[in-house]
Amino acid sequence: MDISTKTTAPPAPTDPPTPSLDKRGARGATRPGDRIFLGLSRGSGILLLVIMAAIAAFLTYRASMVLSKNDGNFLTTFEWNANATPPVFGIAVLAFGTIVSSVVAMAIAVPVAVGIALFITHYAPKKLGGTIAYVVDLLAAVPSIVYGLWGALFLVPHLTGFYSWLDDYFGWTGIFEWQGGAPRTLLAVGILLAIMILPIITNVSREVFRQAPLMHQEAALALGATRWEVIRMSVIPFGRSGVISASMLGLGRALGETMAVATVLSPSFEINASLLDPGGGTFAQNIAAKFSEATEQGRDALIASGLVLFIITLVVNGAARAIIARRKEYSGANA
Amino acid sequence: MSNATITPPAPGTNSLSAARLPRWSPYAIAVGAVAIGCAIGLGAGLGSQIQWGLIAAVLFVLGTYGIAAAVEGKRQAKDRVATSVVWVAFILAVIPLVSLIWETVSRGVKVLDVFFLTHSMGVVTDYEPGGGIYHAIIGTLEQVGLATLISVPIGLLTAIYLVEYGRGKLAKAVTFFVDVMTGIPSIVAGLFILSFWILILGFSYSGFAGSMALSILMIPVVVRSTEEMLKLVPNELREASLALGVPKWRTILKVVLPTSIGGITTGVMLAIARIAGETAPVLLLVWGNPLINTDPFQGPQSSLPLYIYQQYQNSGGSPAAYDRAWAAALVLIAFIMILNLVARGIARWKAPKTGR
Amino acid sequence: MAKRIDVSGLTAYYGSHKAIEDISMTVEPRSVTAFIGPSGCGKSTFLRTLNRMHEVTPGGRVEGKVLLDDEDLYGTHVDPVAVRRTVGMVFQRPNPFPTMSIFDNVAAGLRLNGSYKKSELGDVVEKSLKGANLWNEVKDRLNKPGSGLSGGQQQRLCIARAIAVEPQVLLMDEPCSALDPISTLAIEDLIGELKERFTIVIVTHNMQQAARVSDRTAFFNLSAVGQPGKLVEIDETERIFSNPSVQATEDYISGRFG
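Residue numbers (my numbering), protein chains in the order written: chain A, -12 to 322; chain V, 58 to 413; chain F, 407 to 664.
If you want it as structure tokens, here you go:
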């Protein structure tokens, strides 16, 4: 394309009616209509890159204005007094809460999602599987604020029994110790996030499992494998990287979820080993909660924490995409 | 539980026959597990039905393994456990989802009527009953409409660039960053517009500011789905048109886009459905307003998701506000589900006849 | 080791579509029986009913009897998993497990039943690879992935994997159709050796191959597209190819239709 453009560019204006073989390749760039259209579409692509760069640049700029004034340590301070002069704020508690709630969510959601995906592709009768897949698709569309409302007004009240049961039998681990407060803690958030990221992990895993080559499954069957052994020998090895990247996409969602956490969690600026007692907030929840009372300086501090969240989700999503891309090459080379 | 009916095991090592559990045994074990789960729950006085369910689920899996291992052997038992675990996973997931829909519908219909849909919160405080979501509906429609107007042209053109022209480093970078953009948390998009539009350029809160943040979330979705649809258009069609001497840009406009218009519409509608429920950027940029403000470029507005959040958050637990929140949630879900269903309907109706 | 197969009145369906109808035949132990016939005549479907692989296909079901030395494969207490261990299968396209090494591929079936010592496993793998005439080519790279072998080697690896679990019967579904002539020859030689130990049934669309490798040949046909396939006749291979008793067989073999 490039070469033909160069070779035909000089004569093109002089002899437009002469049909030549090079013309077809060059057409994309020589006619005014084509040039405008290409310019517009390439411009949109470039605009996207500019937006991404601008997000990073503006967040960094606003963050830098307040970070220099911060009287606490941004990474280790356990409080958020960003409106004060001088401001004292740190993300330690937010990072803790964000990571813990996401890990809890993943621990619950990934096995269940893999189970549902296998159910749809390998266990349910074909029609039922299709219906379930459709329902899961629709559930992915339920807005997070509705999950949040349900979580706060239905899930939380129904969790007290579960909390006291966990405390009775597993309280000795320290992780499940409960002082008896309202169950608006990281465990509740983790459970709610798990429900919310279930659809996306299920959908991506289902796609990979569905693509597992039939011939390898038949090979396992013909060796006298049970259905579970077939899945273990020829479906899971094939789908492993797909499930990992699906989980990371889910993790990206969980890390950045705002409203569902903001409605359910009662935040606290301390760190607690127990998931059942107050301790920790999340980046996104903290921004939503502190925003309305924040001064301009306070907003900059929130922007600084948002920048950290942005970087974390970039890394997680980038890793997920890289795994998917590598898998594509791998399966392409194999086919 | 079902031991009485199990066929006597008599498998010779070289025989094809093996003792097998009867077909109905999983159901029998499930019923037994639920019964025992309830019995333990009642007996031990456990308050939460969630626990009853968990106990029943654990009993079901263990019981399946024990009985199958005793009768059919270890491998078959493992297979049955895998089957029952998969079933349990499925049911575990269905319970909260059904509950979510049920709660929203049953609590939402309480105050949902024509009055609710046609009045604002202008003369009602958040603690009192009455009022409605008219202002929020207007806000949502305007913000989502503006976001669509911004996103669709940019998204379409980017997708066209990637599919029809894109080669080389620029296209690769765009593809990568579209993927990355899909993963941006909505609150970060909100913070970006906040820092750029409000803090630096000095504009005030408005529906339009929210629309810009929503477009950042919408563009990558539009690009992705449009790209997929354009790739489905067979190359023969493009070549046929080019061979007739039609310029490339007219080929794209007159041949490629019309062929895939059904799929593109579906993608755009699904993208609208996705951003219509976004709360975080609206919270940061549109601020919220109990009054009707029809001008998205001037002054704070409300929106359905923001309304739900503020009714929940700012009302100090007043039941009237919770009722309104549920009713608004029901309206929002209904709106999004209708968009989804219509989008899928279009996809099915306009499915490319040339597609493979 | 090898067992006789007696099929009587076997009909197989895909959902409501009848794929093969009322087939009865006997397959002799320690011999090679070839199935030939035009495309869509149900010979592969029939083959897959012999180890209950047919019912794995959505909607697949079977009526009739398949006796393996007097034991009905479709009896009420029969475990399809046990059937597939007893009746092994080799597929049209070589399908070694891509994530496993050559060694693990051959050992895959054995490992399902657990309880093998490492040295025992090694012995069986070596014996099976020798049985498949592949040992000398791969003995130095048993830990390399099976997908790195050539097509013909992969197919012999699949045969080694199938015979490692010591089945009574070996079913082969067009095992050479994806291979070049030299690999095909290697497999055909191998079939000649394997029939000393196993009952072999092979589906082929290559009539020369049927004539070369089989002792008996069954000809399948269908009256029209969409109609179920039927067994036309089964006889000594020599007789089928020189003097068949049904006109349709002669027409097919001499290339007058199909």
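Glycine included, every Cβ here is placed at the ideal spot set by N, Cα and C.
- Around the C-beta of Y369 of chain V, 16 or more other C-beta atoms lie within 10 Å, and the residue is accordingly described as buried.
- Along the segment 277 to 289 of chain A, there is no position whose C-beta sits under 7 Å from a C-beta of chain F.
- Chain-ordered listing is empty here: chain A has no CB closer than 7 Å to the CB of I329 of chain V, the nearest sitting near 11 Å.
- In the DSSP assignment, the residues bridged to V472 of chain F are F:V413.
- Nearest Cα to R562 of chain F within the set F:K550, F:M459, F:E543, F:V571: F:E543.
- Closest by C-alpha distance to S163 of chain V, out of V:V91, V:R381, V:A125, V:T215, is V:R381.
- In the structure shown, the three-state DSSP call for T336 of chain V is coil.
- Inclusion of N60 of chain A and T282 of chain A in the CB contact set at 8 Å is not warranted, their separation being larger than that value.
- In the DSSP assignment, S131 of chain A falls outside any beta strand (DSSP E) and within the unbroken alpha helix (DSSP H) covering 131 to 137.
- Listed along the chain, the chain A residues whose CB falls inside 7 Å of the CB of S156 of chain V are F141.
- The straight-line gap separating the alpha-carbon atoms of I273 of chain V and E244 of chain A is approximately 16 Å.
- With respect to chain A, the C-beta atom of Q108 of chain V has a partner C-beta closer than 8 Å.
- Counting only unbroken stretches of 4 or more residues, the alpha helix (DSSP H) elements lying wholly within the segment 67 to 129 of chain A are 79 to 105, 113 to 126, in sequence order.
- Contacts with chain V (Cβ-Cβ distance below 7 Å) from the segment 149 to 173 of chain A involve F149, W152, listed in chain order.
- Counting along the chain, the unbroken alpha helix (DSSP H) around H192 of chain V starts and ends at 191 to 217.
- Listed as beta-bridge partners of I442 of chain F by DSSP are F:F625.
- Y184 of chain V carries a coil assignment under DSSP once its states are collapsed to helix, strand and coil.
- DSSP places G264 of chain V in the helix class (H, G or I) of the three-state scheme.
- For E293 of chain V, there are no neighbours in chain A by C-beta distance under 8 Å, as the nearest C-beta there is about 15 Å away.
- Put simply, the CB of W81 of chain V is far from chain A, with every gap to its CB atoms at 8 Å or more.
- Secondary structure remark: continuous alpha helix (DSSP H) runs of at least 4 residues inside the segment 223 to 255 of chain V, in chain order: 225 to 239, 243 to 250.
- Contact annotation: in the segment 453 to 483 of chain F, residues whose CB is within less than 9 Å of a CB in chain V are L474, E477, D478, L479, G481, T482, H483.
- Excluding residues up to 5 positions away in sequence, L527, V531 lie with their Cβ nearer than 6 Å to the Cβ of A513 of chain F in the same chain.
- Setting aside the 5 residues that flank it on each side, A246 of chain V is surrounded in the same chain by A270, I273, L274, P338, each with a C-beta closer than 7 Å to its C-beta; the list follows chain order.
- Taking the CA atoms as reference points, L398 of chain V sits about 26 Å from A96 of chain A.
- In the DSSP assignment, A616 of chain F falls within the unbroken alpha helix (DSSP H) covering 613 to 619.
- DSSP links A418 of chain F through a beta bridge to F:I426, F:V468.
- The beta carbon of V176 of chain A lies closer than 6 Å to those of S88, V248, V251, L252 in the same chain, with the five residues before and after it left out.
- Of all residues in the segment 512 to 542 of chain F, only A514, G515, L518 place a beta-carbon less than 7 Å from a beta-carbon of chain A.
- Not a single CB atom of chain V sits nearer than 8 Å to the CB of A568 of chain F.
- Within the segment 528 to 585 of chain F, the runs of beta strand (DSSP E) at least 3 residues long that lie entirely inside it are, in chain order, 575 to 579.
- The alpha-carbon of I309 of chain V is positioned some 26 Å away from that of T239 of chain V.
- When Cβ-Cβ separations below 8 Å define contact, L296 of chain A makes contact with chain V.
- Taking 8 Å as the upper bound for CB-CB distance, G268 of chain A and L81 of chain A are in contact here, some 5 Å apart.
- I640 of chain F has F:A624 as its beta-bridge partners, per DSSP.
- For T505 of chain F, the nearest CB of chain A lies under 8 Å from its own CB, placing it at the interface with that chain.
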